[in-house]
Each structure stands twice: as C-alpha cells, then as structure tokens.
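S.K.: Quick note: the sequence shown, position 15, residue 15 per the UniProt record's numbering, numbers continuous.
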Amino acid sequence: MSVSRRFESALHIARTLPPSLLSKDQKLKLFALFKQAEAPAPAAPPADASELEIAKWEAWNDVRSLTQEQAMRSYAMVIEGLLEMLKEHAPPAAAAEEEEEEEEGEGEGEEEGGEEEEEEDDDDDEEEETAAEEEKEPAVEATVWSTSSLSLSAGSTFDVPLTVAEPSLVSYAFSLVGGAGPIGFTLRGEAGPLVEASDSSAEGKAEAPAGMLHAVLDNSASTFMSVTVKCQVSLEPLSQLKKREAFRNRVELQKMLRTTVRSLEAETQHLADLSALKAQLSSRLSDLIAQAEEARADLATAAAEVDAADARRARLSARVAELWQLLQQR
C-alpha cells in the first residue's frame with residue numbers, strides 16, 4: 001500500500017479510537033505530523049493565538065524538517081500500532097465493535113483527517129487524564145465459605161449449600177490437617193457435578209451457572225478413621241472478573257502506548273536531527289564540488305602555463321646553443 005493510502009486509512013481509524021488513550025502532548029504530536037503532511041509550519045503563530053494554538057504551532061514547528069512523505073508515514077505507523085495493540089488486548093466483543101466502527105468510519109468520506117477531533121478533544125484532555133488517574137480497579141465481590149478445622153467422622157459427609165447469584169468462577173482448595181485420606185470432594189450444581197475429586201488435598205477452578213451449588217466433603221469411604229479438613233470455596237462473578245480483566249488490559253495498553261509514543265517522539269527527533277545533518281552535509285558537498293571545479297580550472301591553467309614555459313625554455317636552449325656555436329667560429 002502506498003504511503004498516501006496508508007495515511008488516509010490512518011485518518012479514518014484515528015476517528016474511531018478512544019480519546020482517552022492519548023495524553024495532550026501525544027495528541028499534539030499526532031496533530032503536528034498531520035499538519036506537516038500538508039505543509040511546514042508558518043514562521044510564527046498568529047499574533048492573537050490562544051495557548052492551545054501556540055502549543056499546536058510549537059509541536060508543528062518541531063517536525064518542520066520532516067518531508068511530507070516522512071510525516072505521513074510516521075502518522076500512519078502510530079495509528080496502526082495503536083489499532084493493533086487495541087485488538088490484541090480488547091475482549092472479543094469489544095474487538096468486534098471496534099472493527100464495525102472502523103468500517104463505518106471508512107464509509108463516511110474524507111474529512112480534515114483527525115484535526116477536528118483533536119481540536120475538540122484537546123480542551124477535555126486534562127479532565128480525562130485526571131479521571132483516568134483516579135479510576136480504580138473494578139472490585140470483584142467474592143462469596144467465600146471456608147473452614148480451617150472441620151471434623152468428619154468415619155462414614156460421614158458434610159454438605160455446604162451456596163447460592164450462585166450469577167454465572168461465577170468457583171475456586172476451591174482442601175487438605176487434611178488431621179487423620180489420613182483420601183476423602184471425597186464434590187461441587188454439584190443443579191445440572192450435575194462440576195468437580196469430583198478424591199484425594200488428601202486438591203485445588204482448582206470451575207465455572208458455575210446461576211443457581212444452587214453444593215460443596216460436599218465426603219468421608220464415607222472410611223470405616224473407622226475420622227479426619228480433620230481445611231477447606232475453602234469462593235465464588236467470583238464472571239461479569240466482574242471480565243470487567244477487572246478489561247481494566248487491567250487497558251492499563252497495560254496505556255503503559256505500552258506511552259512507551260511507544262515516547263519511542264516515536266525520540267525516533268522523530270532523531271530523524272529530524274539526521275535530516276538537518278544531511279542538509280548540512282549536502283551543502284558542504286556542494287561547496288566542495290564548487291571548490292573542486294575551481295581547482296580543476298586552476299590546474300588546467302597552470303598546466304597550460306607549464307607547457308608554454310617549457311616550450312619557451314626549449315627555444316631559449318636552442319638559441320643559446322646556436323649563439324655559442326657562432327662564438328666559437330669567430
């Protein structure tokens with residue numbers, strides 16, 4: 001795909017990304033790349049420019065040394081990287097919604113890419129960043145039943161009924177703290193057993209639908225020996241676990257985004273430095289070429305003068321020989 005096509009696609013994608021992903025400085029950097037893809041920044045901001053307009057001009061002016069193609073490529077690389085990270089970390093449903101939004105954005109026709117959205121978002125950046133900082137990890141309200149020392153006589157069972165208000169992740173762990181096993185452990189829902197184990201200790205997880213759940217400790221296999229059991233069963237709603245996972249993924253994505261944007265800023269600055277160095281070296285090379293041409297002309301002139309002097313010397317040598325011969329004859 002050509003650079004211009006990638007750039008146009010990135011402009012459409014930018015309008016579908018969550019505004020809270022980027023800080024104010026990062027949005028200014030993207031705005032600068034977008035504007036540099038059109039033309040370099042003016043020599044100075046307008047005389048009556050606001051603080052925001054001055055900040056935009058400064059960011060734009062910082063990337064002045066980039067060519068139009070370099071600015072378009074840098075903009076596209078950032079947006080494509082963000083989209084890829086969002087797809088990797090978003091839940092399946094969210095990823096599907098994101099793809100639908102992207103398709104709708106592509107059907108809306110070309111607009112002034114990203115500029116209007118960035119201008120609207122800039123005023124709310126500080127509030128969004130503060131809200132993101134204050135946002136806490138969603139709580140998971142677990143229902144826990146536990147015992148540290150439950151006595152089971154030989155041949156007995158102990159049934160703990162648990163109400164599962166909504167589909168939940170069940171975590172269990174049991175072990176013998178007195179006597180010898182194994183003992184039986186069962187998690188039984190309304191549709192049948194979810195977990196069946198027979199051991200002196202075990203732990204694991206299972207998903208339970210809404211309804212009644214029975215945790216059963218069974219020492220019926222023993223004829224004579226009583227045992228003492230330590231056991232814990234916890235229920236965590238799957239919906240809350242998914243929200244917590246999505247939150248953690250978003251936090252991790254934001255960290256990756258900040259790191260990537262910092263790398264982009266460093267690479268952009270490095271590219272600007274290299275472009276400036278290239279311009280200096282090109283200018284120096286032009287000067288050296290001009291000096292070389294001048295030296296070549298001087299060399300040609302000097303060579304011609306040497307040839308002429310050599311010819312004069314040869315003529316004078318011949319004249320000296322001729323005069324010497326005449327002198328000897330007299």
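Just so it is clear, CB atoms sit at the ideal spot from N, CA and C, and this is done for glycine as well.
Quick one: using the 10 Å Cβ neighbour count with 16 as the cut-off for buried, is Thr301 buried or exposed?
M.R.: As a first step, residue 301 is located in the sequence shown; it is residue number 301 there, counting from the start. Classification of Thr301: exposed, given that the 10 Å Cβ count is below 16.
S.K.: Per DSSP, what kind of secondary structure is Lys24 in: helix, strand or coil?
M.R.: Translated into the one-based positions of the sequence shown, residue 24 becomes position 24. Lys24 falls in the helix class under three-state DSSP.
S.K.: In angstroms with no decimal places, state the Cα-to-Cα distance between Glu51 and Trp60.
M.R.: Position 51 of the sequence shown, counted from the first residue, corresponds to residue 51. Position 60 of the sequence shown, counted from the first residue, corresponds to residue 60. Answer to the nearest angstrom: the Cα atoms are 14 Å apart.
S.K.: If you follow the alpha helix (DSSP H) that Ala180 is part of, which residue opens it and which one closes it?
M.R.: For the purposes of this step, residue 180 is identified with residue 180 of the sequence shown, where counting begins at 1. Per DSSP, Ala180 belongs to no alpha helix (DSSP H) and is neither H nor E.
S.K.: Taking only the alpha-carbon atoms, compute the straight-line gap between Ala55 and His12 and give it to the nearest angstrom.
M.R.: Here residue 55 refers to the residue found at position 55 when the sequence shown is read from its first residue. Here residue 12 refers to the residue found at position 12 when the sequence shown is read from its first residue. The straight-line gap from Cα to Cα measures roughly 24 Å.
S.K.: Using the rule of at least 16 other Cβ atoms within 10 Å of the residue's Cβ for burial, across every protein chain shown, is Met1 buried or exposed?
M.R.: On the sequence shown, residue 1 is found 1 positions in, with the first residue counted as 1. By the 10 Å Cβ count, Met1 comes out exposed.
S.K.: Using C-beta distances below 6 Å, list every residue in its chain close to Trp145, excluding the 5 sequence neighbours before and after it, in chain order.
M.R.: Translated into positions along the sequence shown, residue 145 becomes position 145. Hits under 6 Å: Val160 and Val233.
S.K.: Determine the closest residue to Pro167 out of Glu207, Phe158 and Ser151, with distance taken between C-alpha atoms.
M.R.: Counting from one through the sequence shown, the residue named residue 167 turns up at place 167. Of the listed residues, the one whose Cα sits closest to Pro167 is Glu207.
S.K.: Taking just the CA atoms, how far does Val140 sit from Glu252?
M.R.: If you number the sequence shown from 1, residue 252 lands on position 252. If you number the sequence shown from 1, residue 140 lands on position 140. Computed Cα separation, rounded: 19 Å.
S.K.: Whole angstroms are fine: how far does the CA of Thr16 sit from the CA of Gly114?
M.R.: On the sequence shown, position 114 is the one that residue 114 refers to. On the sequence shown, position 16 is the one that residue 16 refers to. For Gly114, the predicted model reports a pLDDT of 48, less than 50, meaning its position is unreliable; a value from the coordinates is still stated below. Straight-line Cα distance between these residues: approximately 10 Å.
S.K.: Would you call Val170 buried or exposed, if buried means 16 or more other Cβ atoms sit within 10 Å of its Cβ?
M.R.: For the purposes of this step, residue 170 is taken as residue 170 along the sequence shown, with counting starting at 1. So Val170 ends up on the buried side.
S.K.: What do you get for Leu82, buried or exposed, if any count of 16 or more other CB atoms within 10 angstroms of its CB means buried?
M.R.: Walking along the sequence shown from the start, residue 82 turns up at place 82. Buried, by the Cβ-count rule.
S.K.: Helix, strand or coil for Met1? Go by DSSP, reduced to three states.
M.R.: By one-based count along the sequence shown, residue 1 stands at place 1. Coil at Met1, not helix or strand.
S.K.: Have a look at Gln328, Glu322 and Arg258 and flag the residue whose alpha-carbon is nearest the alpha-carbon of Lys24.
M.R.: The sequence position of residue 24 within the sequence shown is 24, counting from 1. Residue Arg258 is the option with its Cα nearest to Lys24.
S.K.: For Ser151, report the span of its beta strand (DSSP E) as first-last.
M.R.: The count along the sequence shown starts at 1 and reaches residue 151 at position 151. From DSSP, the beta strand (DSSP E) with Ser151 extends over Thr143 to Leu152.
S.K.: By the DSSP assignment, the beta strand (DSSP E) with Met212 in it spans what residues?
M.R.: Reading the sequence shown from its first residue, position 212 is the one you call residue 212. Start and end: Gly211 to Asp218.
S.K.: Restricting to Cα atoms, I'd like to know which of Ala165, Ala180, Gly189 and Thr147 is closest to Ser174.
M.R.: Position 174 of the sequence shown holds residue 174. Note on identity: in this sequence residue 174 is Phe, with Ser being the wrong assignment. The shortest C-alpha separation from Phe174 is found at Thr147.
S.K.: Among Ser65, Ser4, Val320 and Glu322, which one has its Cα closest to the Cα of Asp273?
M.R.: Numbered from its first residue, the sequence shown carries residue 273 at position 273. Here the closest residue by C-alpha is Ser65.
S.K.: Please classify Val195: does DSSP put it in a helix, a strand, or coil?
M.R.: Locating residue 195 in the sequence shown gives position 195, where the first residue counts as 1. It is a strand residue.
S.K.: Contact between the stretch 284-300 and the stretch 172-192: three or more CB pairs below 8 Å?
M.R.: In short, these stretches do not touch, since the Cβ pair count stays below three.
S.K.: On a Cα-Cα basis, can you pick out the residue from Glu8, Ala39 and Ala314 that is closest to Gln68?
M.R.: In the sequence shown, residue 68 corresponds to position 68, counting from 1. When only C-alpha atoms are compared, the closest one is Ala39.
S.K.: According to the neighbour-count rule (16 or more other Cβ atoms, all chains shown, within 10 Å of its Cβ), is Asp218 buried or exposed?
M.R.: In the sequence shown, residue 218 corresponds to position 218, counting from 1. Asp218 is buried by the Cβ-count criterion.
S.K.: Could you give the residue range of the alpha helix (DSSP H) that holds Asp287?
M.R.: As a working note, residue 287 is residue 287 in the sequence shown. Note, Asp287: alpha helix (DSSP H), Leu238 to Gln329.
S.K.: Pick out whichever of Leu271, Ala304 and Glu137 has its Cα sitting closest to the Cα of Gln70.
M.R.: Mapped onto the sequence shown, residue 70 falls at position 70. Answer by Cα proximity: Leu271.
S.K.: In the DSSP assignment, find the alpha helix (DSSP H) that holds Lys56 and state where it starts and stops.
M.R.: Taking the first residue of the sequence shown as 1, we reach residue 56 at position 56. Run containing Lys56: Glu51 to Asp62, per the alpha helix (DSSP H) assignment.
S.K.: Is the CB-CB distance between Trp57 and Ala47 below 8 Å?
M.R.: Walking along the sequence shown from the start, residue 57 turns up at place 57. Walking along the sequence shown from the start, residue 47 turns up at place 47. Their beta carbons are not under 8 Å apart, which means Trp57 does not touch Ala47 by this criterion.
S.K.: Residues bridged to Ala203 by DSSP?
M.R.: For the purposes of this step, residue 203 is taken as the residue at position 203 of the sequence shown. It is worth fixing the name first, because residue 203 is Glu in this sequence and not Ala. According to DSSP, Glu203 bridges with Ala173.
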